[in-house]
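Residues in the sequence shown are numbered from 1 upward in steps of one, following the numbering used here. We put the beta carbon where it would ideally sit given N, CA and C, even for glycine. Since the structure is predicted, the reported quantities are computational estimates derived from the model, not experimental observations.
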Amino acid sequence: MEPLQEAHIAEPGLLVIDVAGADDAIVMAFQNAVARTWGRVLRRVVLLESAVPLLVVAVVAIGMGFLAAQLFVQAQFRYSIQAPGIQYYAIVLAGLVASLGVIASTVPLLRRITGPETARND
Numbered sequence: 001m002e003p004l005q006e007a008h009i010a011e012p013g014l015l016v017i018d019v020a021g022a023d024d025a026i027v028m029a030f031q032n033a034v035a036r037t038w039g040r041v042l043r044r045v046v047l048l049e050s051a052v053p054l055l056v057v058a059v060v061a062i063g064m065g066f067l068a069a070q071l072f073v074q075a076q077f078r079y080s081i082q083a084p085g086i087q088y089y090a091i092v093l094a095g096l097v098a099s100l101g102v103i104a105s106t107v108p109l110l111r112r113i114t115g116p117e118t119a120r121n122d
C-alpha cells in the first residue's frame with residue numbers, strides 16, 4: 001500500500017474501510033459505529049460553520065450600521081441618534097431565529113444522506 005500523502009486527504013472523496021471480523025455481525029456493528037460517529041461530527045461541523053459566521057456577521061453588521069448612522073447624522077445635522085425601540089430588536093431576533101431554523105432544517109437531510117443505512121457493503 002502506498003503511504004498517504006497530503007493530496008489524498010485534502011479533497012473530499014470516498015472513504016473505503018476494509019474490516020475483517022469473526023463474523024458479519026461484528027463487522028456490521030463496527031461499520032455502523034463508524035458511520036454514526038462521522039455523521040455526528042459532520043452535523044456538528046455543518047452547524048458550527050453555518051451558525052457561528054451568521055451570528056458574527058450579524059453582530060458586526062449591526063454595529064457598523066449604527067456607527068455609520070451616528071457618524072452621518074452627527075456630521076450632517078449635529079445631533080446623535082437614539083437607541084432603536086423594541087420593535088427593531090424583535091425583527092432582528094426573528095430574522096436570526098428564522099435563519100438558524102433554516103440551518104437546523106438541514107440536519108435531518110444530512111442524517112438521511114450520511115446515516116449508517118446508506119453505507120454500502122460490496
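When DSSP states are grouped into helix, strand and coil, residue 79 belongs to the coil group. Scanning 71, 65, 32 for the CA closest to the CA of residue 88 turns up 65. In the three-state scheme derived from DSSP, where H, G and I count as helix and E and B as strand, residue 99 is classed as helix. Annotation: residue 40 to residue 114 spans about 9 Å, alpha carbon to alpha carbon. Going by DSSP, residue 108 is part of the alpha helix (DSSP H) stretching over 106-114. Close CB contacts of residue 51 within its chain, under the 8 Å cut and outside five residues either way in sequence, are with 100, 103 (chain order). Under the three-state reduction of DSSP output, residue 53 falls in the helix class.
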